[in-house]
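So the sequence shown is numbered by my numbering: it starts at 238 and just counts up by one. Since the structure comes first, as structure tokens, the remarks are kept for the end.
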Amino acid sequence: MLSFEEQLCQAEDVEVQLVGNEETSLIARNATELLLLNLVCDRIEEARFVWRRTLPHVRDASADLRRSWQVGACLWMRNDIAGATRLLENENEWNEDIRDIVKAVLERVRENELLLISRAYSTIELSEIANRLTLSEQQALDLCRQIDWTFDPNDGMVLPRNFIESTQDKSFSGLDKLKHVADIMTQLNT
């Protein structure tokens, strides 16, 4: 199975190949995958540009594409992480062929939120963690224990432990980024 980074590269290649194609459903499906894969890879800016360069009639034709951007917009503004997770949790609303990517986006959003909490708080209420991650308090408690955070049942407070981000490089290499920009510019010029 390909990594999400590899799937993203493939989806970008397909996007370039689809320039001039009139098949709306094919374009919408690829744009949806491209948008979601950018979210999985923490490339919110690129996801935003996928949405912006997708033609309005293609957007209108795909509920998954519109829903993907609703998630992206919540993440872009950083003011509705819970809204993004609620949209992602409704698995039955997503087409079956992208559900694995949707699950990965949900996991990434929650990981990023936990990382933010670990950096910003020395103590935080369990209910606040549950609300931010759209989990029940028991699920949030289980998750906190899984990552070795301490919970005080007397006051309902969690003591986050600062953890190190994964060592995986989340950025394009210089040449990959240049190629990506050139491909997009070529597409826009045609």
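Backbone N, C-alpha and C define an ideal beta-carbon position, used for all residues, glycine too.
At a Cβ-Cβ threshold of 7 angstroms, Ala248 and Leu302 do not count as neighbours. By DSSP's assignment, Ile361 forms a beta bridge with Val395. Rounded to whole angstroms, the separation of the alpha carbons of Gly257 and Ser364 is 50 angstroms. By the criterion of at least three beta-carbon pairs nearer than 8 angstroms, the stretch 238-248 is in contact with the stretch 270-277. Restricting attention to Val395, Asp297, Ser359, Ile366, the CA atom closest to the CA of Arg347 is found in Ile366. When the five nearest sequence neighbours on each side are left out, the beta carbons in the same chain lying within less than 7 angstroms of the beta carbon of Ile335 are those of Thr269, Glu270, Leu273, Asp301, in order along the chain. Residue state for Asp389 is assigned as strand, using DSSP reduced to three classes.
A residue is called buried once 16 or more other Cβ atoms fall within 10 Å of its Cβ, and Ser299 is buried on that count.
In this chain, the alpha helix (DSSP H) harbouring Thr261 covers 261-277. If you check the CB distance, Leu343 and Leu325 come in under 7 angstroms. Check the Cα spacing between Asn332 and each of Gln254, Glu252, Asn267: the tightest is with Asn267.
Residues Leu312, Trp313 of the same chain have their beta carbon placed closer than 6 angstroms to that of Ile281, with the five preceding and five following residues left out of the count. The alpha carbon of Ser359 has as its nearest neighbour, out of Val395, Thr371, Arg289, Ser240, the alpha carbon of Val395.
Inter-residue distance for Cys381 and Asp392 is about 16 angstroms (C-alpha atoms, whole angstroms). Contact between Ser355 and Asn327 fails: their C-beta atoms lie close to 27 angstroms from each other, not under 8 angstroms. Residue environment analysis places Glu259 among the exposed positions, since fewer than 16 neighbouring C-beta atoms fall within 10 angstroms of its C-beta.
Closest option to Ala341, judged by alpha-carbon separation, among Ser262, Asp385, Arg315, Ser305: Ser305.
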